[in-house]
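Let me begin by presenting the structure, written as structure tokens, before commenting on it.
Protein chains: 6
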Amino acid sequence: MPYVNIKVTREGGPDGTGPSAEQKAQLISGVTDLLQKVLGKSPATTFVVINEVPLEDWGVGGLPVQEYRRQAR
Amino acid sequence: MPYVNIKVTREGGPDGTGPSAEQKAQLISGVTDLLQKVLGKSPATTFVVINEVPLEDWGVGGLPVQEYRRQAR
Amino acid sequence: MPYVNIKVTREGGPDGTGPSAEQKAQLISGVTDLLQKVLGKSPATTFVVINEVPLEDWGVGGLPVQEYRRQAR
Amino acid sequence: MPYVNIKVTREGGPDGTGPSAEQKAQLISGVTDLLQKVLGKSPATTFVVINEVPLEDWGVGGLPVQEYRRQAR
Amino acid sequence: MPYVNIKVTREGGPDGTGPSAEQKAQLISGVTDLLQKVLGKSPATTFVVINEVPLEDWGVGGLPVQEYRRQAR
Amino acid sequence: MPYVNIKVTREGGPDGTGPSAEQKAQLISGVTDLLQKVLGKSPATTFVVINEVPLEDWGVGGLPVQEYRRQAR
């Protein structure tokens, strides 16, 4: 009975778009299949929770991700 | 000094309603009491964090929960 | 289909003992009952994960918890 | 830059075995591929953390998982 | 390659204001520096995720935090 | 009343050593100070939980971290 939590940045605004409902469904389906294939886990008891994290709440390299990307260009 | 995280789906729309502030207060009170009763933990240092997860962000059976419920009917 | 994570310190040594398997079973049972009573959640799809955290890995008041307790006496 | 956390029960003893290092490597590889395929996320900034949870620390149906499985037979 | 998650209450309304983007940037910068100084971890592979938790979703002392603060006055 | 979770790899074996109790105390102290300085949070209600993650349980670049480091040399 696995529990999987996937955190991704919530993209959006002029530079992109966030994960769509269809993309989230693909993540849920894909990771559930993976756990069944690799560990024999039953899909019926595999929970997947996706969190979209606002860009200003995600840091890497000591910077909020938007600032980090600007500097990395 | 326990830390408890409770994740539930954020219900709503035509088919239901999300947990109310009153229901959340009952969860906080109930789980804090439980930790005091079972382990003798002080309520003053028991933290409870509740997360409401949008339906499209929660998967079970390899499907987003709304789709899963539709098929389970 | 709630997911609950309970983190408690792993007590032990001369000053106490950790939660026993019986106490963990009481936490699992109690929090599952609570979610059924307050939100009508089905026990069959309620997951509870307990983490015992070593004392040196838990901080409060800016100190590891053992040091914090020593100073609080 | 996704962060993925996978929690599975630590199987073992007479009735089974836990995930092997090879199986964990397959989970890491598979979920990283999935995030690249579905959302275009770079593997270099995709973190995966696996937690093996002792059976007595995982509850479902209001019971520790071993007891739950015994009753489900 | 550390992963740090910081959860704080989302303040606001007549009694206060939430963390600003500038304050979040300071948290990201500060905790990344700390991990580099204490453990030699590379900022480039240090992820920080901040979650603002609504006041009604955070409990302490068996009460939602707003109620707890009212009684503590 | 912030809650901070810091996950780092558990180094060790011939190639290194894990974070010492002293280093963990520095992380707890440092992050608590940071939250007080930036957001005015009280140390008395700031919880810090550190998790050491075994190397085979942490993935980056689609590989367990030890393999990733070998290839990155």
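Protein chains in written order, with this note's numbering: chain A, 985 to 1057; chain B, 985 to 1057; chain C, 985 to 1057; chain D, 985 to 1057; chain E, 985 to 1057; chain F, 985 to 1057. For each residue, glycine too, the CB sits at the ideal point set by N, CA and C.
Closer than 8 Å by beta-carbon distance: list the chain E residues that pair up with residue i, in chain order.
i                      : result
residue 1012 (chain F) : The contacting residues do not exist; residue 1012 (chain F) stays about 10 Å from chain E at best.
Residue i bridges to which residues according to DSSP?
i                      : result
residue 1047 (chain D) : D:1044
residue 1038 (chain D) : D:994
residue 1032 (chain D) : D:988, F:1043
For residue i, which of helix, strand or coil comes out of DSSP?
i                      : result
residue 994 (chain D)  : strand
residue 999 (chain C)  : For residue 999 (chain C), the pLDDT reaches just 48, beneath the cut-off of 50, and the residue's location in the model is therefore unreliable, although a value from the coordinates is still provided. Residue 999 (chain C): helix per DSSP, three-state reduction.
residue 1054 (chain F) : helix
residue 1024 (chain B) : coil
residue 1004 (chain A) : coil
residue 1010 (chain E) : helix
residue 1015 (chain F) : helix
Name the chain C residues that come within less than 8 Å of residue i, Cβ to Cβ?
i                      : result
residue 1048 (chain D) : 1005, 1008, 1009, 1012
Quick one, are the C-beta atoms of residue i and residue j less than 8 Å apart?
i                      : j                      : result
residue 1045 (chain F) : residue 1027 (chain D) : yes
residue 1015 (chain D) : residue 988 (chain D)  : yes
residue 1039 (chain B) : residue 1050 (chain B) : yes
residue 1022 (chain B) : residue 1007 (chain C) : yes
residue 1011 (chain E) : residue 990 (chain E)  : yes
residue 1030 (chain E) : residue 1003 (chain E) : no
Name the chain A residues whose beta carbon is nearer than 7 Å to that of residue i?
i                      : result
residue 1040 (chain B) : 1005, 1008
Determine the chain F residues that contact residue i at a beta-carbon separation under 8 Å, and present them in chain order.
i                     : result
residue 987 (chain B) : 987, 1031, 1033
Using a C-beta to C-beta distance shorter than 9 Å, which residues of chain A count as neighbours of residue i?
i                      : result
residue 1056 (chain E) : Chain A residues near residue 1056 (chain E): none, gap ~28 Å exceeds 9 Å.
Which residues in chain B have a C-beta closer than 9 Å to the C-beta of residue i? List them in chain order.
i                      : result
residue 1016 (chain A) : 1043, 1044, 1045, 1046, 1047
residue 1037 (chain E) : 1033, 1034, 1035
Below 7 Å on C-beta distance, what does residue i contact in chain D?
i                     : result
residue 991 (chain F) : 1033
With a threshold of 7 Å (Cβ to nearest heavy atom), would residue i be considered close to the ligand FMN?
i                     : result
residue 987 (chain A) : Annotation note on the ligand FMN: not contained in the displayed structure, which lists no ligands.
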